[in-house]
Amino acid sequence: MQAIKDVKKDTIIEELVRAGSILSRELDFKSLISTLVDQSLDITRSDISCLYLLDHAANGEKLKSGYSLAYRRGKYSVPQILSSDSTVVNFLTESGETVLLLERREHVFKDILLNPSMNSGIALPVFTPKLKLGILILNSGKPLFYSRVKFKFLDSFVKLAAGMLHNSKMVKEIKDYLKKIEGLKRYQENIFSSMTNLLITTDSKGRIHYYNRTAGEKLELSGNSIGKELKHVFANKIDKTILNAVEKTEKVKTENLGIEGIYRATEKDMDFSLNISPLKGIRGKYEGLTLLFTDQTHERELQHKMKKVVEERRIIKDMFSRYLSQEVVQKLVESPNLVRPGGDKKEATIFFADIRGYTSFSEGKDPEYIVQVLNDYFGEAVEIVVKHRGYIDKFIGDCIMAAWGVPLQTAEEDAYEAVSCALEIQQLVASTKRTFFKGEASSLKIGIGMHTGPLVAGNLGSSRRMNYTVIGDTVNVAARLEGVAGPGEIIITDRTRQFIGDKFVLKKKKPVMVKGKSEPIHIYSVLKKAG
């Protein structure tokens, strides 16, 4: 990792991408905090880096104490609290603007110098449009230390981190919400039971303590039943094996669920299902039993209600998994913004790499062996794609689909990186030093097809499930060309060739017809890099 000095804008973006990549690996709030502080200090070579978080009460209201130190780096002592009475804290909180002090002097913002040995400092609000999280302060013992370049890097990096920290808090809120849903589900099940089922509770000596209205009507109970032993009340109405199960539950004090039986009523018998559970007090003391009878005539109604509860739970979990999904690379300009959910039009290069000979190779092979062969290859190939700044869209059987130009778009560089990636993969497959395609798999080769053109990229799907992906005719053409490529071959279109210029040695091939196109497509085989 290099320190940021007064260098080109490209270097700022490279450092920002590198630091942002490290940041994006974390999901936990505390891990994100430490990564933000560590990367800010290491890349700028500051002497102090501290993150102060805004104190909130349990109801979310801001406390008067201000900002508390959450994480720090550096050997110098620093304050544990930034008082809300401080001029610089008030300014940062109200304006959301960065404060920069380049030398130690009497100044309204002198509080950003956290230690007497420090001579320049920068304070950045870690805010999002909807949430004030904290303040990041960096100090240096050198005056005039924080240049425009450092300022731009820190400003963009902190905005990126603020969004991720906000997302992390949202993830935690969803986790908590999911727990509440689970609790509400159990509570709702009990409510359903009390309304439609027959509920009886007994005391620690097996005597009837309570029954609900439905139980009184269908099990022919009355006020005289209270205080009587359950086994005597139901002696001639419920089979003895079921009464024995009740007694067993009293002794072992564990649940006994799904007992089927018949209640012999005066007018009409009732088929029922019985769940028996120990009734415990606050400290776990045994207080009796809960007997929940379900009239089987109500089974369909209950199933319908339970399906609704299960569906609501599934929707919540799907939403939760969407927040936990790996974030795609953030758009990085002067300030990072999240990828627009509805989809953006892009000019991108799409890449399909398929294993040649896979079908015949896999016949008769043990599935675990085949999966291991694929995983060994994917493990190496994916690293090459990532190294060349590609985005892995998906795996389709033995095929890798990747994209360059989403969400960040630099068309010429994207096409160059995509073709370079394809060459590196083919060179690795052809190398005797490769760690995959060994033994029986040694004859496997890779065919690669790619095309550059317009498409739509974004979080596509429904409210229940969304994934970042690409769609459009460009994707379809690239997929068709992957089928044209022979073993060890890389096929590109004329459109891709226009972007890569003379940087590669190409061999023009006979135009091909592909499904969905009325005219033949001009294609080239990539042989090697030029020069």
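Under our numbering, the residues of the sequence shown are numbered 12 to 542, in order. Just so you know, even glycine gets a beta-carbon here, dropped at the ideal spot from N, CA and C.
Residue-level contact to chain D via CB, residue i, 7 Å cutoff
| i | result |
| --- | --- |
| P289 | The structure shown contains no chain D; it is built from a single protein chain. |
Contacts around residue i, its chain only, beta-carbon distance under 8 Å, and the 5 residues preceding and following it disregarded
| i | result |
| --- | --- |
| P498 | R367, G368, K456, I457, G458 |
| K259 | N267 |
| P90 | L80, L125 |
| E108 | F102, P136 |
Whole-angstrom C-beta distance between residue j and residue i, which should lie under 8 Å
| i | j | result |
| --- | --- | --- |
| V396 | A422 | With a Cβ gap of about 18 Å, V396 and A422 do not count as contacting. |
| Y297 | K264 | 6 Å |
| S179 | L155 | Rounded, the Cβ-Cβ distance is 35 Å, inconsistent with contact. |
| Y82 | S57 | With a Cβ gap of about 14 Å, Y82 and S57 do not count as contacting. |
Same chain only: Cβ atoms within 7 Å of residue i, ignoring 5 sequence neighbours per side
| i | result |
| --- | --- |
| K496 | The sequence given here has Ala at residue 496, not Lys. Closer than 7 Å at Cβ, skipping near neighbours: G458, I459, G460, I502. |
| S431 | H399 |
| K356 | P465, V467 |
| S32 | none |
| E240 | G217, R218 |
| D280 | I273, Y274 |
| E391 | L439, T446, F447 |
Nearest candidate by alpha-carbon position, reference residue i, set the options
| i | options | result |
| --- | --- | --- |
| T446 | K376, T480, Y388 | Y388 |
| V525 | K514, D484, T507 | D484 |
| L52 | F162, G292, S371 | F162 |
| K540 | G145, L434, E451, E391 | L434 |
| K521 | K514, G527, F515, Y535 | Y535 |
| F168 | R29, E105, M281 | R29 |
| R84 | K229, I185, T301, D49 | D49 |
| H462 | K153, V160, H533, G375 | H533 |
| T104 | Y82, G77, V89 | G77 |
| P531 | G542, L492, L517 | L492 |
| Y380 | Q420, G450, K444 | G450 |
| H118 | V382, S97, E424 | S97 |
| L230 | A256, D306, A490 | D306 |
Span separating the alpha-carbon of residue i from that of residue j
| i | j | result |
| --- | --- | --- |
| F245 | G194 | 34 Å |
| D365 | V393 | 13 Å |
| F363 | Q509 | 19 Å |
| D411 | I92 | The sequence shown places Ile at residue 411, rather than the Asp named in the question. Each residue's alpha carbon lies about 51 Å from the other. |
| F406 | I511 | 26 Å |
| S529 | L171 | 45 Å |
| Y157 | R36 | 28 Å |
| S288 | D409 | 51 Å |
| Q438 | K143 | 50 Å |
| A173 | V137 | 5 Å |
| I148 | L135 | 6 Å |
| E200 | M317 | Any reading at E200 is ruled out, since the residue's pLDDT is 49, under 50, leaving its predicted position unreliable. |
| S60 | S151 | 9 Å |
| K251 | E261 | 15 Å |
| S94 | F40 | 23 Å |
| T480 | W415 | 12 Å |
| S373 | S454 | 12 Å |
| L335 | N101 | Only weak support exists for where L335 lies, its pLDDT of 27 falling under 50; the value from the coordinates is given anyway. Their backbone Cα atoms lie some 35 Å apart in a straight line. |
| R116 | R159 | 20 Å |
| G542 | D513 | 10 Å |
| G494 | T504 | 13 Å |
| R295 | T277 | Reading the sequence as shown, one finds Gly at residue 295 and not Arg. Roughly 39 Å separates the two Cα atoms. |
| K578 | V182 | This structure leaves residue 578 out entirely; the chain is present only between 12 and 542. |
| I270 | I192 | 28 Å |
| L517 | A429 | 15 Å |
| Q420 | I24 | 14 Å |
| V523 | E500 | 15 Å |
| I436 | E358 | 24 Å |
| G527 | I185 | 44 Å |
| L471 | V417 | 14 Å |
Proximity of residue i and residue j at Cβ, strictly below 7 Å
| i | j | result |
| --- | --- | --- |
| V99 | I133 | no |
| L65 | M175 | no |
| F304 | L285 | yes |
| Y274 | K242 | no |
| Y188 | N126 | no |
| V486 | I403 | no |
| A226 | L209 | yes |
| S233 | G299 | no |
| V537 | F515 | yes |
| F145 | L47 | First, the residue type needs correcting, since residue 145 is Gly and not Phe in the sequence shown. No; because the gap between Cβ atoms is not below 7 Å, this pair is not in contact. |
| F283 | G292 | no |
Near the ligand MG: residue i beta-carbon under 6 Å from a heavy atom
| i | result |
| --- | --- |
| D365 | Absent from the structure shown: the ligand MG. Ligands present: none. |
Cutoff 6 Å; reference residue i; Cβ partners in own chain excluding five residues on either side
| i | result |
| --- | --- |
| G238 | R218 |
| F120 | V99, V110, L112 |
| H177 | T139, L142 |
| A426 | T360, T463, T507, F510, I511 |
| T301 | T212, S288, L290 |
| V384 | A452 |
| S236 | I219, V244 |
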